[in-house]
Amino acid sequence: MPVVRLRAPLSELAGGKREVELDGATVAEVLQALEREHPDTRGWILDEHGAIREHINVFVNKEYGQESTAVSPADRLHVIPAISGG
Amino acid sequence: MTQLLVGTKKGLFVLEGDAGGQFAITSRAFAGEPVEFATRDSRNGRYLACVTSAFYGPKVFYTDDLSAEWQQAAGLELPEDAEKPLERLWTIVPAEEDDHLYAGGAPGVLFESHDAGASWELNKAFWEQPTRPDWSPGAGGMCMHSIATWPGDPKRVALAISAVGVWLTEDGGRTWRHGNKGLYPRYMPEEAREDTIDLCVHNMHRSPTKPERLFIQFHGGVYRSDDAGETWTSIADGLPSDFGFPMVIDPGDPDSAYVIPLVADLDRTTPEGKVRVYETRDAGASWTARGDGLPSEDAYLTILRQAFCGEGSGPSMELYFGATSGDVFGSGDAGKSWFTAATNLPPVHSVRAA
């Protein structure tokens, strides 16, 4: 299954886990699975319309990903605050 | 008497005073408009200001006399086929030849003037960089904020952009290449750090007495280069945080740099509620906190990238910085002690000694 890597404060919302294995074939599906498994993350990465928040970057391995980006079981997703925020 | 040009969210304020005391506001211009940056070209005395009207867009204005009208400069626009218009102008820097100036702006653009700032032309070689479609902005936009000329050699220039790293030219701006080796972006996944060009430089300065030496305040990192920007070495050990925006050097001491650390990218305020400037005089091997006279309790300030400047050199070097709180602080002894120069201004974008 794909692995999602989280940094604080998201890792704290995921029960202190910095890596979470989740099912899903796209970035959106994996992040929705994260919300189901760790409900406290709901609304932090995806907004109420299911879009990745403007100042959050989701990388699939080393490439920028979008909601529709395909994810394979061996992929690692990194959720990182964008430098455009703050 | 020192004259300060303080660009704020609500206009340009000209302050005058002597180091150690309260400065007086002697004039104001562009009332109500964001002034991103203002400077005075010491070669001819001309004042130049970057003004970004929320209604009318970014403009450069100039005047040779603060009591006279400011004139609008011409030519600060992008080609018609550009996806977006010019967003903002972040800096104006005198070049090595008379009446030659550089201006940097967003989205990652370089302009040049050969008539002391009255008219400008886009540097097309930089505008046409083939990787431009992949460039990413920082929080302030894709701003070219630092332009480091090389004293005595007009062909060598270094640029820094948030967030497209360092760029170098040795032919007067006809060709450009990256100068990013050693910069370490923690905000990228580990496996993407080696090759990325998404490098968020916050400020860059070149030593005029040792031009191959440059310093960078990065988006999480402080670096030094001893080879004209080809490679960079971390010098952040000893700082309470390696995050911050502005930087100043003593032009007479190539081993000097001053930074104002903020907590981190997620908390862009002065650490522990204390405002402190950190100084190195050994090229970053060690840092000394300089806070005597600065707020030391319950002070959570943000100092932006153009809001810190120096004037002169050596033990009597003057330093000034402004915060988004509207306070301006100064030192007349190279940072050993500080005084409050002004309070209750609008949020400060830039500070330069005229």
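Chains as they are written, first to last, in our numbering: chain A, 2 to 87; chain B, 17 to 370.
From the three backbone atoms N, C-alpha and C, an ideal C-beta is built for every residue, glycine too.
Nothing here was measured: the structure is a model prediction, and the numbers come from that model.
With contact defined as three or more Cβ pairs closer than 8 Å, the segment 215–224 of chain B and the segment 169–180 of chain B are in contact. By the Cβ test, the segment 237–255 of chain B is not in contact with the segment 309–318 of chain B, since fewer than three Cβ pairs between them sit closer than 8 Å. Taking a cut-off of 8 Å for Cβ pairs, the segment 191–200 of chain B and the segment 239–250 of chain B touch, as three or more such pairs fall below it. By the neighbour-count definition (other C-beta atoms within 10 Å, threshold 16), B:T147 is an exposed residue.
Cβ contact annotation for B:T42 (same chain, cutoff 6 Å, sequence separation greater than five): V30, E32, in chain order. Note on geometry: alpha-carbon atoms of B:F259 and B:K75 lie some 30 Å from one another. Residue burial is scored here from C-beta neighbours: B:N139 has at least 16 other C-beta atoms within 10 angstroms and is therefore classed as buried.
Here B:P277 has L255, P256, S257, D258, F259, G260, T286, P287, R292, Y294 as same chain residues with Cβ atoms under 8 Å from its own Cβ, once five neighbours each way along the sequence are excluded. Near chain A, meaning a CB-to-CB distance below 8 Å, the residues of the segment 280–311 of chain B are D281, L282, R284.
With a cutoff of 8 Å on beta-carbon distance, B:T107 and B:A119 are scored as near each other. Per DSSP, B:E52 is one residue of the beta strand (DSSP E) stretching across 51–57. Pairing A:A71 with A:R19, the inter-Cα distance amounts to about 22 Å.
Between B:A155 and A:I84, the gap from beta carbon to beta carbon is short of 8 Å.
For the pair B:L94 and B:F234, the Cα-to-Cα distance works out to about 28 Å.
Counting only residues of its own chain and dropping the five nearest sequence neighbours on each side, B:S83 has a CB closer than 8 Å to the CB of S43.
For A:H50, the closest Cβ of chain B is not nearer than 8 Å. Straight across, the Cα-Cα distance linking A:N62 with A:R77 is about 5 Å.
Looking from the CA of A:G17, the closest CA among A:G51, A:R37, A:T42 belongs to A:T42.
The C-beta distance from B:L92 to B:W136 rounds to 5 Å, short enough to meet the 8 Å contact threshold. With the criterion set as a beta carbon lying under 7 Å from some beta carbon of chain A, the members of the segment 207–238 of chain B are E207, A208, C216, H235, in sequence order. For B:P331, the closest Cβ of chain A is not nearer than 8 Å.
At a cut-off of 8 Å between C-beta atoms, B:A155 counts as an interface residue with respect to chain A. Contact check between the segment 344–355 of chain B and the segment 317–334 of chain B: three or more CB pairs, one atom from each, fall below 8 Å, which counts as touching. Nearest to B:T68 by alpha-carbon distance, out of B:P201, B:A301, B:F77, B:D269, is B:F77. DSSP places B:F142 in the uninterrupted alpha helix (DSSP H) bounded by 140–143.
Taking 8 Å as the cut-off, the beta carbon of B:G23 is found no closer than this to the beta carbon of B:A45. For the segment 291–321 of chain B, the full-length beta strand (DSSP E) segments reaching 3 residues or more read 293–296, 304–306 along the chain.
Cβ-Cβ distances below 7 Å link B:P270 to S223, T225, K226, R229 in the same chain, with the five nearest sequence neighbours on each side left out; the list follows chain order. For a cut-off of 8 Å, the C-beta gap from B:P362 to B:K100 is around 27 Å, too long to register as a contact. For A:A29, the uninterrupted alpha helix (DSSP H) segment begins and ends at 28–38. Here the alpha carbons of A:A29 and A:G51 stand approximately 7 Å from one another. Within the DSSP secondary-structure output, B:S129 pairs in a beta bridge with B:L117. Distance from the Cα of B:I319 is smallest, within the candidate group B:F127, B:F345, B:T296, for B:F345.
As DSSP reads the structure, B:W166 sits in a beta bridge with B:D169. Scanning its chain for C-beta atoms nearer than 6 Å, with the 5 sequence neighbours on each side dropped, one finds no residue around A:Q67.
Ranked by Cα distance from B:D169, the options B:V180, B:D114, B:L317 are led by B:D114.
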